[in-house]
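Residue numbers (the working numbering): 1307 to 1841.
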């Protein structure tokens, strides 16, 4: 297998469209990471030179078909269709392939050209802006014989100097690539892309898992520079649905999806108010996701991609060498009403030992414990009730209105809870438990993540957490929101977590996540034990 491949297609466009499945399936057996695709229908079958290809309906159709098919046939490949030679304007002579990733192998649908590349490596090297990494490796595609159809004249498509589009562009998928490629396909001078910022994404599914804005901008820019480096790329963060569309009078064309078509119409209404020209638009059809399950969208979407991350490792696991390697301890955390206890119960049924730090928190306040004596010494006898026990409500009224006293309380209580947690973990080890789950809302706040090997976090949207608190704890909406805002945000927890789970949906889907996380954990432990056995 080769890491990066360049697929050169020279047959007539209609013939290529009928061969997409076989071409992609064969390419996937040769290339493992990135597959560049150069489309150049040519009547010459003996020599190859990068030539101008006009914008046409057939080209657009093939481009869309390649991307949509790649989602189901070779989803492991990052397919990128090169558009530097696609234009209705005259192009500079001696165009070369300007690839961001060095090419390891060339795949081509023409045996004669393949022979030329193989026998005269300089002819291929001369086509590369940065040359070749080594000797030319050429693979001739096993194309069906009937795909050698004659050239068919197709309808040209109008192109524009300045094209614009917008979106979240989280973890680029085939749908994103079709939209961005359509914009590049039509753009002769400049493409402008608006990437939604964090505030615009708050209502999206699993927004905590959306890649940071700057990373998404980098991803879009990397893709655009790869597929059409000859035009200008302007990629900016946007905090509303309009972005540059109502500030740049030079824009001429907008690419939208079926879901954002109405947004394109609203943009034009605003442009008319400013005296700008109305943007012509092209609507991209949604791409069907042939791999979706019952809990995911039928179309290819970033939301489904984020759902598939649940239960997997999203942030690298850093070995904790300050604690015993066994039992393997999972720190399970999450905000109030996020479903931590339910998840802990499911993991217990799968075989994990469990430690509830909330219960341990009650134990450290009991009369006769070191923590009890320190608390009475620091906060006075007024916190002690008639039964001789600390009145947590009275203590709470003292500390929650005074940040300094709250910090003092935490400095006293948290380390003691940590000691009890370590004792419980040791007891589970004595009882033969190989995996222990430490459930703690304050895991990260209290620094108890130092007691675990991995951090797992349970998240639900803030609105769902508020609803659960109102239903479960009889809180008012104001009280619930206040409680929620006093804690770490979902985003802060996710940033410090290795695995994320979500209890928002059906019972069965939550169970599916837990079983997936457990299965992957078992695999990690098996691999770790295998590595240790080598030494």
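Here a beta-carbon is modelled for each residue, glycine too, at the ideal position from N, C-alpha and C.
None of these values were measured; they are calculated from a predicted model.
Local Cβ density within 10 Å of residue i, reported as buried at 16 or more and exposed below that
i, result
"residue 1347", "buried"
"residue 1672", "exposed"
"residue 1753", "exposed"
"residue 1556", "exposed"
"residue 1357", "exposed"
"residue 1369", "buried"
"residue 1514", "buried"
"residue 1813", "exposed"
"residue 1365", "buried"
"residue 1317", "buried"
"residue 1679", "exposed"
"residue 1416", "buried"
Contacting residues, own chain, Cβ-Cβ under 6 Å from residue i (five flanking each side not counted)
i, result
"residue 1739", "1633 and 1659"
"residue 1832", "none"
"residue 1775", "1643, 1781 and 1786"
"residue 1824", "1656"
"residue 1676", "none"
Separation of residue j from residue i, as counted between CA atoms
i, j, result
"residue 1767", "residue 1312", "43 Å"
"residue 1777", "residue 1770", "11 Å"
"residue 1453", "residue 1402", "Caution applies to residue 1453, whose pLDDT of 46 falls short of 50 and renders its modelled position unreliable; the value that the coordinates give is listed next. Between residue 1453 and residue 1402, the C-alpha separation is close to 27 Å."
"residue 1725", "residue 1643", "26 Å"
"residue 1510", "residue 1836", "40 Å"
"residue 1784", "residue 1806", "28 Å"
"residue 1478", "residue 1548", "21 Å"
"residue 1428", "residue 1491", "30 Å"
"residue 1809", "residue 1446", "50 Å"
"residue 1486", "residue 1414", "25 Å"
"residue 1617", "residue 1820", "7 Å"
"residue 1797", "residue 1315", "45 Å"
"residue 1422", "residue 1338", "25 Å"
"residue 1581", "residue 1558", "13 Å"
"residue 1342", "residue 1430", "15 Å"
"residue 1747", "residue 1545", "32 Å"
"residue 1344", "residue 1359", "11 Å"
"residue 1506", "residue 1803", "24 Å"
Sequence-distant residues of its chain with Cβ nearer than 7 Å to residue i (five each side left out)
i, result
"residue 1376", "1330, 1383, 1385 and 1480"
"residue 1714", "1684"
"residue 1728", "1757"
"residue 1323", "1367, 1368 and 1371"
"residue 1604", "1594, 1595 and 1598"
Residues near residue i by beta carbon distance below 8 Å, same chain, minus five either side
i, result
"residue 1327", "1375 and 1379"
"residue 1794", "1641, 1750 and 1751"
"residue 1542", "1498, 1499, 1500, 1501, 1523, 1549 and 1550"
"residue 1646", "1638, 1639, 1640, 1745, 1747 and 1764"
Contact with chain B by residue i, beta-carbon distance below 8 Å
i, result
"residue 1549", "Considering every chain present, this structure includes no chain B. It has just one protein chain."
According to DSSP, residues forming a beta bridge with residue i
i, result
"residue 1466", "1493"
"residue 1808", "1765"
"residue 1403", "1434"
The segment 1522 to 1536 in contact with the segment 1404 to 1416 per 3-pair CB rule at 8 Å: yes
I'd like to know if the segment 1582 to 1595 and the segment 1704 to 1723 are in contact, where contact means that at least 3 CB-CB pairs between them fall below 8 Å. no
Per the contact definition of three or more C-beta pairs closer than 8 Å, is the segment 1469 to 1481 in contact with the segment 1553 to 1562? When Cβ pairs closer than 8 Å are counted between the two stretches, the segment 1553 to 1562 is seen to touch the segment 1469 to 1481, the count reaching three or more.
Within the chosen definition, does the segment 1598 to 1614 reach the segment 1734 to 1748 through at least 3 CB pairs nearer than 8 Å? No: the two stretches stay apart, fewer than three of their Cβ pairs being nearer than 8 Å.
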